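Have a look at the structure below before the remarks.
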Amino acid sequence: MNILVVGGGAREHALCKKLKQSAKTEKLLQIPYSKAISEIADSREISSLDFEKIGSLCSDEKIDLAVIGPEEPLSKGIADFLEKKGVKVFGPKLRGAVLESSKQVAKEFMNRHYIPTADFKIIYDSSYAKEYLKEKNKYPVVIKADGLAAGKGVRICFNEEEAFSAVEDFMEKRIFGSSGSKIIIEEFLEGTECSVMAIVDGKTFAMLPVSMDHKRLRDGDEGPNTGGMGAVAPVKLSAEMTDEIKNEILWRFITGIVTEKIDYRGVIYAGLMITKNGPKVLEFNCRFGDPETQVLLELIDEDMGEIFMSAACGSLIKEELNIKNMYSACIVLSAQGYPENPRKGDEISGLEKCSVSVFHAGTKFENGKYFTNGGRVLSVCALGKDLKEALDKAYKGAEEINFSGKHFRKDIGAKLEKIKAD
Ligand code: AMP
Ligand code: GLY
216 MNILVVGGGA REHALCKKLK QSAKTEKLLQ IPYSKAISEI ADSREISSLD
266 FEKIGSLCSD EKIDLAVIGP EEPLSKGIAD FLEKKGVKVF GPKLRGAVLE
316 SSKQVAKEFM NRHYIPTADF KIIYDSSYAK EYLKEKNKYP VVIKADGLAA
366 GKGVRICFNE EEAFSAVEDF MEKRIFGSSG SKIIIEEFLE GTECSVMAIV
416 DGKTFAMLPV SMDHKRLRDG DEGPNTGGMG AVAPVKLSAE MTDEIKNEIL
466 WRFITGIVTE KIDYRGVIYA GLMITKNGPK VLEFNCRFGD PETQVLLELI
516 DEDMGEIFMS AACGSLIKEE LNIKNMYSAC IVLSAQGYPE NPRKGDEISG
566 LEKCSVSVFH AGTKFENGKY FTNGGRVLSV CALGKDLKEA LDKAYKGAEE
616 INFSGKHFRK DIGAKLEKIK AD
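Those letters in the sequence shown? Residues 216 to 637, per the numbering used here, in order.
Right, dumping it as structure tokens:
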């Protein structure tokens with residue numbers, strides 16, 4: 216079959232690498248253009264949001280399956296658009312994608328289907344928000360802008376002053392535009408955060424190994440929130456906890472989409488807090504996580520072309536995937552100034568002699584050399600027989616690559632090692 220991967224970051228680079236290995240893949244195309252991805256796929260300069268051009272590419276190249284990486288094209292209806300053109304799509308349609316693009320929709324969906332989540336209140340008016348906060352007077356509290364805010368629309372507020380300032384930023388100053396027209400004020404949950412992804416065909420699912428992202432920029436979970444500075448997998452939970460995740464989160468999600476007639480084929484990604492009262496959903500994403508995908512795909516011992524196509528056709532061929540008995544780690548190298556104002560144009564060296572898998576995100580190729588061209592520049596990934604070996608190899612790779620302003624966290628996986636030791 217002919218496959219198109221939409222998206223040009225490290226997650227899509229990893230998806231292309233995996234799909235290239237599929238016995239079913241005849242042609243593999245990818246947009247928008249990435250020099251690094253062009254080494255393994257036919258990479259074209261078409262925007263992920265230019266649906267008309269994507270539609271023409273699909274008919275010209277006889278694309279059978281489109282695999283969508285980022286949330287933005289999904290939240291603008293790429294799956295609905297391409298399905299009408301006769302392309303099978305791995306990625307949900309609008310009514311499914313809105314579970315990521317509106318936190319209100321996601322929270323109300325969770326309540327309707329008894330999916331455990333933090334208690335919350337949706338608020339449309341800033342003076343009422345302040346009254347509500349005064350009345351509750353319980354800190355910390357979490358304040359979220361309803362819509363997409365590039366991962367910056369969540370504030371954990373430790374006192375009234377911080378909470379009022381979040382309300383003012385989101386609702387009055389509208390720092391995220393209309394994404395702040397509604398806010399969610401929610402209970403602060405304590406516990407261990409992890410990411411659960413499952414491949415969904417509309418009526419059933421295959422759960423992927425649980426992984427752990429590292430969202431803050433600096434070691435010890437300090438500094439601003441980012442898209443993710445590194446990941447490790449698997450996070451081995453008890454059989455009881457895994458059953459709770461399957462039964463109370465994933466099966467209830469499936470019941471929800473079936474009863475509400477939401478045609479959801481793709482990945483559901485639940486950001487979880489494992490609390491002392493069980494797992495609770497912090498957020499839903501309607502796509503693969505980045506950088507979690509870079510660690511997970513390396514662990515899965517399956518033909519993912521076949522798996523994605525079967526899910527896109529509504530008849531997933533496997534509910535239990537074969538997983539390698541190994542650990543996987545990813546270190547993200549970010550640019551100077553990330554996340555606020557990443558510097559571009561620094562020359563990258565050492566890529567050719569790097570001993571592990573490297574997936575490109577913010578890079579550009581000019582005159583035979585790679586340069587930084589975005590915040591998260593590269594994902595450096597390795598497998599190992601245990602977590603330490605995976606991390607040692609990935610960190611060795613991270614040291615082999617250089618560019619001015621290179622930043623990476625030195626404590627990826629440390630929390631997981633601690634949980635295992637406890
Ligand atoms: P979200 O975009 O909703 O996943 O939130 C971003 C980050 O904020 C999460 O990864 C958590 O670290 C934190 N967070 C969100 N909601 C809560 C909550 N209710 N309690 C504690 N931390 C939270
Ligand atoms: N790693 C977080 C995300 O993909 O949203």
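Even for Gly, the Cβ is constructed at its ideal location relative to N, Cα and C.
Keep in mind the model is a prediction, meaning the values are calculated, not measured.
query                                                                                                 : result
GLU287 Cβ short of 7 Å to the ligand GLY heavy atom set                                               : no
Distance cut-off 7 Å: PRO506 Cβ against heavy atoms of the ligand GLY                                 : yes
N-terminal and C-terminal residue of the alpha helix (DSSP H) that LEU514 is part of                  : 507–514
Distance between beta carbons of LYS461 and GLY443, contact taken as under 8 Å                        : GLY443 to LYS461, Cβ: 24 Å. No contact.
Beta-carbon proximity list for PRO288, same chain, < 7 Å, skipping 5 on both sides                    : VAL221, SER263 and LEU264
Identified DSSP bridge partners for ASN500                                                            : TYR484
For LEU404 and ASN540, the rounded distance between their alpha carbons                               : 32 Å
Cβ shell of PRO285 (< 7 Å), same chain only, five flanking positions each side left out               : GLY222, SER263 and ARG502
MET488 beta carbon near the ligand AMP (any heavy atom closer than 7 Å)                               : yes
Check whether GLY435 and THR240 have beta carbons under 8 Å apart                                     : no
Proximity winner among LEU514, GLU562, GLY599 and GLY612, relative to VAL547 (alpha-carbon distances) : GLY612
beta-carbon ASP428 near the ligand GLY non-hydrogen atom, thresh 7 Å                                  : yes
Secondary structure of LEU404, DSSP reduced to three states                                           : coil
Range of the contiguous beta strand (DSSP E) that encloses THR474                                     : No beta strand (DSSP E) holds THR474; the alpha helix (DSSP H) holding it covers 466–474.
Residues bridged to PRO494 (per DSSP)                                                                 : ILE489
DSSP three-state assignment for PHE288, whether helix, strand or coil                                 : Note on identity: in this sequence residue 288 is Pro, with Phe being the wrong assignment. Three-state result, PRO288: helix.
ARG310 (DSSP reduced to helix, strand or coil)                                                        : helix
Length of the line joining the Cα atoms of LYS351 and CYS528                                          : 48 Å
Three-way DSSP call (helix, strand, coil) for ASP279 in this model                                    : coil
Assigned secondary structure, TYR479 (DSSP; H/G/I helix, E/B strand, else coil)                       : coil
Cβ-heavy atom distance, GLY442 to the ligand GLY, below 7 Å                                           : yes
GLU408: CB within 7 Å of a non-hydrogen atom of the ligand AMP                                        : yes
Cβ-based neighbour list, ASP257, same chain, cut-off 6 Å, excluding 5 preceding and 5 following       : LEU244
contact_flag[the stretch 607–621, the stretch 582–599] where n(CB pairs < 8 Å) is 3 or more           : yes
When ALA229, LYS559 and ASN217 are compared against GLN509, the one with the closest alpha-carbon     : ALA229
Any non-hydrogen atom of the ligand AMP within 7 Å of LYS625 CB                                       : no
Near the ligand AMP: GLU437 beta-carbon under 7 Å from a heavy atom                                   : no
Sequence-distant residues of its chain with Cβ nearer than 7 Å to SER570 (five each side left out)    : LYS611, GLY612 and GLU615
DSSP three-state assignment for THR457, whether helix, strand or coil                                 : helix
Any chain C beta carbon closer than 8 Å to PHE523                                                     : This model lacks chain C altogether, as it is built from one protein chain only.
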